[in-house]
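The sequence shown runs 1 to 311 under our numbering. Quick reminder that beta carbons are idealized off the backbone N, C-alpha and C, glycines included. Model, not experiment: these values are computed from the prediction.
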Amino acid sequence: MKFPTTFSLKQIADIISSTYVGKDDFPILGMNEIHVVEKGDIVFVDHPKYYDKALKSKATVILINKSVDCPEGKALLISDDPFRDFNKLTTFFQPFVPNNHSISATAKIGKNTVIQPNTFIGNNVTIGDNCLIHSNVSIYDNCVIGDNVTIHAGSVLGADAFYYKKRPEGFDKLISGGRVVLKNNVDIGALCTIDRGVTGDTTIGFGSKLDNQVHVGHDTVIGEKCLIASQTGIAGCVIIEDEVTLWGQVGTNSGITIGKNAVIMGQTGVTKSVAGGKSYFGTPIEESREKLKQLAYIKKIPEIIKKLDKK
1 MKFPTTFSLK
11 QIADIISSTY
21 VGKDDFPILG
31 MNEIHVVEKG
41 DIVFVDHPKY
51 YDKALKSKAT
61 VILINKSVDC
71 PEGKALLISD
81 DPFRDFNKLT
91 TFFQPFVPNN
101 HSISATAKIG
111 KNTVIQPNTF
121 IGNNVTIGDN
131 CLIHSNVSIY
141 DNCVIGDNVT
151 IHAGSVLGAD
161 AFYYKKRPEG
171 FDKLISGGRV
181 VLKNNVDIGA
191 LCTIDRGVTG
201 DTTIGFGSKL
211 DNQVHVGHDT
221 VIGEKCLIAS
231 QTGIAGCVII
241 EDEVTLWGQV
251 GTNSGITIGK
261 NAVIMGQTGV
271 TKSVAGGKSY
281 FGTPIEESRE
291 KLKQLAYIKK
301 IPEIIKKLDK
311 K
């Protein structure tokens, strides 16, 4: 998430009532999670396991819960609860704005685009030309939809990320301030759910097609011309490269990469990153030819046992 204008370190510290290490006028351009952070951004860290990763990341400002040596060229925001204060910043820069109309007055809708009845289009949504949005679709604030896009009935774009911190009193939600971005020529089936990024974008690339009842988690990036079949569940922060095929009921772990032109056969659990140009099957995932050989061998076990019993 980029700020509307450059903020100083002191200004940000005042918003969250924190102390800081660095010059008052140290410039800050935005805020992001660790996997998408850029120069000029704030990143938060609240566990010693990840201190080093955050301090060495591209982030210019680290929101942290311990006084540590400040890396050269960076600044620190010292907080007793970085998770809470990151939420404060998201709420400050992306506050929830209620909408009393089915189609927000701030939405921009292109030429020859058809919006069927009972669809909701939120604040600052952009929809391109020649799109077809079927009934009962919900498009939350700030989503960006390209040209020649079809979205079938009941799909939801822009719901919050499934991201929580466990506390003694229950689960504390990380507030989402990101977007969903659909590129040109994307088709979204019925009853799909595509969560927005926490601070960045959940993106579906040019020409990709999603079947009915597909879930895409926060900050996931799907490449160009991918095919994703029904009942597939894609976790957050996944990178799916161009021309990947995911068949029905595939599930993935978060934070993995599926390489270009990979084919993932139905009911596979993608538990780790996999290279492109190959076919995969099973849980845990393996190349499909090898996995199918193993299953064939397993079928022979009763026959082998019978032979052994006769000896």
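Three-way DSSP call (helix, strand, coil) for residue i in this model
i, result
"Y164", "strand"
"E287", "strand"
"D14", "helix"
"K310", "helix"
"Y140", "coil"
"I34", "coil"
"K39", "coil"
"K299", "helix"
Proximity below 8 Å, CB of residue i to CB of residue j
i, j, result
"T119", "C131", "no"
"L63", "P82", "yes"
"V244", "A262", "yes"
"S288", "Y297", "no"
"G276", "E224", "no"
"V198", "H215", "no"
"D129", "T113", "yes"
"V380", "V270", "A question about residue 380 goes unanswered here, because the residues of the chain that appear run from 1 up to 311."
"L182", "A161", "no"
Beta-carbon contacts of residue i that lie in its chain and below 6 Å, excluding the five residues immediately before and after
i, result
"V180", "C143, L157, G158, I194, R196, T202"
"S138", "F120, V156"
"L9", "Y20, G22, F26, A75"
"C70", "V21, L76"
"Q94", "G177"
"D172", "K165"
Straight-line gap, residue i to residue j (C-alpha atoms, nearest Å)
i, j, result
"T268", "G178", "29 Å"
"K39", "A59", "5 Å"
"I304", "K310", "10 Å"
"T5", "P284", "47 Å"
"E33", "N148", "31 Å"
Beta-carbon proximity list for residue i, same chain, < 7 Å, skipping 5 on both sides
i, result
"A235", "G217, T252, N253, S254"
"K49", "none"
Own chain, CB closer than 8 Å to residue i, minus 5 neighbours either side, in chain order
i, result
"V36", "G197, T199, G200, D219"
Checklist entry - Which ranges does the beta strand (DSSP E) cover as unbroken runs of at least 3 residues, wholly within the segment 143 to 215, from first to last along the chain? => result 156 to 159, 164 to 167, 170 to 173, 179 to 182, 193 to 195, 201 to 204
Checklist entry - What are the start and end residues of each continuous alpha helix (DSSP H) run of 4 or more residues lying completely inside the segment 49 to 116, in chain order? => result 51 to 55, 82 to 93
Next on the checklist: Could you tell me which whole beta strand (DSSP E) segments of length 3 or greater appear in the segment 229 to 295?
Outcome noted: 279 to 281
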